[in-house]
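In my numbering, the protein residues as written are 103 to 384.
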Ligand SMILES: C[S@@+](CC[C@H](N)C(=O)[O-])C[C@H]1O[C@@H](n2cnc3c(N)ncnc32)[C@H](O)[C@@H]1O
């Protein structure tokens, strides 16, 4: 059993309560809340981190995590030494949907987010002890980890309102959920100082992976999903990012991310994008 967690307030959280909190349904990321206590997230990125090809050390880097969700990657950037990490997401963690939805499917997401919020009711007292709004997974995790990561509710479409560029901009698994991926790519390019790393979920297969199938560059799925709109082939997203303000875009890896909630794997690709302002001089 882990040690009791002392907070900056005079209170402590007992280990049994912390383990129950980490094990509750509704977590998206697998985050270490305290030594040995990891949330039971739908996804566990830790064993797959090498596919993202993050710099080993981020000492002296400022980092912006766009669509950060519960903050697994933002915490990882902090662990790697980033001096300033800002994580942004549209999620209010109050039971209202965080995604832009297609009108015909909105009801599914209203119910999904309501169910997630309900998993937090038995932990109201814990959230109160932590001093964060009930249900706010991200702030709860940050408080327990004594993290210095800053969180803001902000859309990818509003990044140009930030007052400076970030050395590293990370945008994980967001593009498939966007109604306006080109505007988002332009905003990412405008905010990137040195390197932007984009992870693509639901990556379409290359013809070499499925020789019988016709290679698709992009597929519209908003009529069946309602919260996801486009599945891209990595090469299609590469061209979109290049045309949206990046100097160089390389696909650096492809891998399958297990989805523990649904028992499936989700095909991924990772793209590294260099902005014009950081292009090598000829
Ligand atoms: C699929 S999750 C990805 C989480 C994390 N980046 C990762 O790679 O595991 C997408 C996240 O993007 C957020 N999101 C959706 N639309 C957004 C927008 N317009 N701007 C910023 N975040 C958004 C969602 O609330 C959700 O937390």
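Even for Gly, the Cβ is constructed at its ideal location relative to N, Cα and C.
Distance between residue j and residue i (C-alpha atoms, nearest Å)
i	j	result
residue 349	residue 148	30 Å
residue 170	residue 308	28 Å
residue 384	residue 377	15 Å
residue 300	residue 325	25 Å
residue 354	residue 152	11 Å
residue 306	residue 144	21 Å
residue 213	residue 172	20 Å
residue 359	residue 164	27 Å
residue 112	residue 184	Below a pLDDT of 50, predicted positions are generally treated as unreliable, and residue 112, at 47, falls in that range; the measurement from the model is reported next regardless. For residue 112 and residue 184, the distance between alpha carbons rounds to 29 Å.
residue 117	residue 254	29 Å
residue 175	residue 142	16 Å
residue 177	residue 357	22 Å
residue 120	residue 318	46 Å
residue 363	residue 217	14 Å
residue 197	residue 235	12 Å
residue 268	residue 205	35 Å
residue 277	residue 223	31 Å
residue 168	residue 187	11 Å
residue 370	residue 249	28 Å
residue 124	residue 225	11 Å
residue 155	residue 256	26 Å
residue 335	residue 227	45 Å
residue 260	residue 287	12 Å
residue 375	residue 122	40 Å
residue 320	residue 243	36 Å
Residue range of the alpha helix (DSSP H) that includes residue i
i	result
residue 219	208 to 220
residue 350	No alpha helix (DSSP H) holds residue 350; the beta strand (DSSP E) holding it covers 348 to 361.
residue 259	It is not in any alpha helix (DSSP H) - residue 259 carries neither H nor E in the DSSP assignment.
residue 97	No statement about residue 97 is possible, as the shown extent of the chain runs from 103 to 384 and does not include it.
residue 180	174 to 181
residue 123	117 to 125
residue 291	283 to 293
residue 226	226 to 232
Sub-7 Å separation of residue i and residue j beta-carbons
i	j	result
residue 139	residue 132	no
residue 373	residue 351	yes
residue 347	residue 291	yes
residue 232	residue 245	yes
residue 251	residue 200	no
residue 182	residue 150	no
residue 230	residue 262	no
residue 195	residue 128	no
Paired residues, beta bridge with residue i - DSSP
i	result
residue 271	166, 298
residue 131	145
residue 251	According to DSSP, residue 251 bridges with nothing at all.
residue 374	299, 352
residue 140	134
residue 332	322
residue 369	358
Proximity to residue i [Cα-Cα], best of the options
i	options	result
residue 285	151, 343, 174, 243	343
residue 126	219, 213, 212, 357	219
residue 294	280, 258, 174, 275	258
residue 304	338, 272, 271	338
residue 279	345, 206, 302, 361	302
residue 282	225, 322, 154, 237	322
residue 400	154, 202, 192	Here the chain has residues from 103 to 384 only, and residue 400 is not among them.
residue 379	296, 327, 340	296
residue 239	369, 340, 135	135
residue 273	166, 333, 137, 157	166
residue 207	329, 369, 340, 375	329
residue 270	195, 260, 193, 180	180
residue 209	225, 333, 327	327
residue 333	275, 114, 115	275
residue 298	340, 115, 260, 320	340
Range covered by the beta strand (DSSP E) that runs through residue i
i	result
residue 189	186 to 191
residue 321	320 to 322
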